[in-house]
Structures are given as structure tokens and as C-alpha cells.
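Enquirer: After the C-alpha cells below, expect a handful of questions from me.
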Amino acid sequence: MATEETRNFRSSYYEKVGFRSVEERKSIEILLKEKPLDMSKLKQFSLRFTVPQMYRNLMWKLLLGVISPHVESHTFIMDQRTQEYYDLLEALQSMKIVTDDLPKHHIFLIMWLLRTGNLKLDWRAQLEDPPYQNLLLISSALHNMFDNDVDKFWISKGFFQYVIRFYAYVQILVSATLKSLEKEDQELYSHLEKVQALDAIPFTTWYCSCFAGLLKDPALAKIWDKLVGGSCKILVFVAIRILITMKRRLIQLKSAESIVECLCDITEETAEMIANKAIELWQQHGSPLTPASHPDGLKPHAPNQRSKGFSNIY
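Laid out in C-alpha cells, this is it:
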């Protein structure tokens, strides 16, 4: 136990003084010099480390399939992506859908729906459906993480496609969360069960939005590095760390409603701590370094189970 505590302290200290980030930056720079780029190694890096901010745009575009492993083709591909972006935007402007007062993250989602042939005539009502509300939260967070609108749209598109792949596995993730929480903190689990909060905590929304709208963007980026690397199980450990981190407040509350309300109040500093502790817990439980064909090797309850509202987006 002492050895583990020493290791955690050392890692935390190195990160604070910048040694760890320098080492990770050098490692990723070496990987990005390979021709063609080794996608397996880049995924492993994303799973093992936090992607340095200066390389996150490039890394996510690579891992989400926006650009190819062949560096020499990047300029041509992004030229084509840019042209398609403006073609979609112009089409929506011609249809009087895109207006000056429509938020950018709404525009990105609508462009994606148009591109996939799933945009409905009553698109405003369509965006009110829970699955699309979750994607809007993701789109909003991505909008804040990057600068270039073309990059924002294509990263959003790649993220949407990845996220809806594990929507069919969300109930498995919820079940895994409850079992793990009971093992990690029996006292907290018992209290939440006693006040009937376990059914009230919006685990499904948390997972379908990947905690966008709940955790601040710097913390989200660290968690989403693991998602983009191929692990949706990281979400389970984020949920557990949220509950354990806020245990002192939660244990004093006597109703499910007050507990849910409390969980909506997470500061940026607390979110950062949650992200770091969640990643540590995920690593302790055998974080995958080789992504499976299905998210983390999970299998849905039904062979072709898909979330309502996404049946045609594959």
C-alpha cells in the first residue's frame, strides 16, 4: 500500500512540475513522425496518457477517421472536408434552417443529420428528443475545445458516430457502475439505495452525453482522450469517482431529488480531480491498451439493439 501511495504521489508531483507532460509530448512527437502513422500506437498513447493540448486536434482527427494515417494526404483531405463543410452549410442556409441566431453547436448537429440523410422537416422537434439533446451537449463541449469551425464539425461528426456505437451498451455500463460502486464504497451505496437515489441519478444521460454539460471542458478532454482511444468503460469510473468525491455532501442528504440536484453542482477544480482519480481507478481495474471491435469488448443485451432515434445512422 505504501508503495502504491508513493507511486501516486510521485506521479502527481511530476505532473504538477511539468516533467510528465514533457515526457508525453516527446513520445507523441516521435509517433507523429512515423510514415505512415501507426494508428494502433496512437490509440495506445491516447489510452495510456493524456494527449497534450497542442496535439489533441490532430490526434482526435486521426483517431476519429477525419484524416488518414498518410501524412502526405492530410492537406488534400482537409481541403475536401472544408469544401463539404461549406456545401452543407450553404444547403442549410438555402433551406432557411441556419440563421444568425442559431448556436454553432446546433448547426454542427444539423449538418451531420443532413449529411446522414436523417434531418427531419420538423428539425426543431427532432433536436428535442433525448438522444439529440445528448449529442448537442457533446457538440457544445467540442465547440469550446477547438478554434477552427471546420475542425469542430468534423471532430463532432466523428465523435457522434463513435458515441452512438455504444448507446446500445449503456445499460450494461449502468449495471457495471452500481456493482463497482457497491464494492468501492459500501456505505455510500447503501445510503443512495436507502433514499432511492440509485434509480434517480441520471446515469443514462451521463453516459449518452459522455458527461458533457456536467463536467467542465478541461476535465472532459482528459476523459474523452480515453473514449477516442477506444474505451467507453472509462465512463463507469468517472461516475464512481463523481459519487465518491461528493460523498461527504451526499451522505447528509435525505432525498433522491436533493442528491440529483447536488450532483449538478461540480466546480472546475472538482471536475479536474474527478477526471484524474477516475483515470487512476480505470487503470487499476485493467484499462485496455488494445481497443476491441465492440466498445471495450462489451456485448449488448440484444444482438441488434440500437438507441431509439439512431436506427438509420449507421
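Mind the numbering: the sequence shown is residues 2 to 315 in my numbering, read in order. Backbone N, C-alpha and C define an ideal beta-carbon position, used for all residues, glycine too.
#1: Whole angstroms are fine: how far does the CA of residue 193 sit from the CA of residue 82?
#2: Should residue 247 go down as buried or exposed, given a rule of 16 or more other Cβ atoms within 10 Å for buried?
#3: When the Cα of residue 62 is compared with those of 78, 106, 48 and 50, which residue comes out closest?
#4: Just to confirm, are residue 186 and residue 275 a CB contact at a threshold of 7 Å?
#5: Decide yes or no for the touch test of the region 88-97 against the region 174-188: beta carbon pairs closer than 8 Å, at least 3 of them.
#6: Could you tell me the alpha carbon to alpha carbon distance between residue 319 and residue 233, rounded to whole angstroms?
#7: Quick check: the Cα distance between residue 278 and residue 270, rounded to an integer number of angstroms?
#8: Name the residue from 284, 282, 243 and 283 whose alpha carbon lies nearest to the alpha carbon of residue 264.
#9: Determine the direct distance from the alpha carbon of residue 47 to that of residue 74, and round the result to whole angstroms.
#10: Tell me the DSSP secondary structure of residue 1 in three-state form.
#11: Do residue 128 and residue 120 have their CB atoms nearer than 7 Å?
#12: Quick test of the definition: if touching needs 3 or more C-beta pairs under 8 Å, does the region 167-178 touch the region 99-117?
#13: Rounded C-beta distance between residue 70 and residue 38? I'm assuming under 8 Å.
#14: What's the gap between the Cα of residue 202 and the Cα of residue 72?
#15: Quick check: the Cα distance between residue 151 and residue 189, rounded to an integer number of angstroms?
Expert: With the given structure in hand:
#1: Near 48 Å, if we compare the C-alpha coordinates of residue 193 and residue 82.
#2: Residue 247 sits buried, since 16 or more C-beta atoms from the chains shown fall within 10 Å of its C-beta.
#3: Nearest in C-alpha terms to residue 62, of all of 78, 106, 48 and 50, is 78.
#4: The answer is no: Cβ separation not under 7 Å.
#5: No, they do not touch.
#6: Nothing can be reported for residue 319: it is not among the residues displayed for the chain, which extend from 2 to 315.
#7: For residue 278 and residue 270, the distance between alpha carbons rounds to 13 Å.
#8: Of the candidates 284, 282, 243 and 283, the one whose C-alpha sits nearest the C-alpha of residue 264 is 243.
#9: C-alpha of residue 74 to C-alpha of residue 47: approximately 23 Å in a straight line.
#10: Because the chain in this structure spans residues 2 to 315, residue 1 falls outside the shown range and cannot be described.
#11: In this structure, residue 128 sits away from residue 120, with a CB-CB distance that is not shorter than 7 Å.
#12: Judged by Cβ distances under 8 Å, the region 167-178 makes no contact with the region 99-117, as fewer than three pairs qualify.
#13: About 4 Å; that satisfies the 8 Å criterion.
#14: Residue 202 and residue 72 have their C-alpha atoms spaced approximately 45 Å apart.
#15: Rounded to the nearest whole angstrom, the C-alpha separation of residue 151 and residue 189 is 45 Å.
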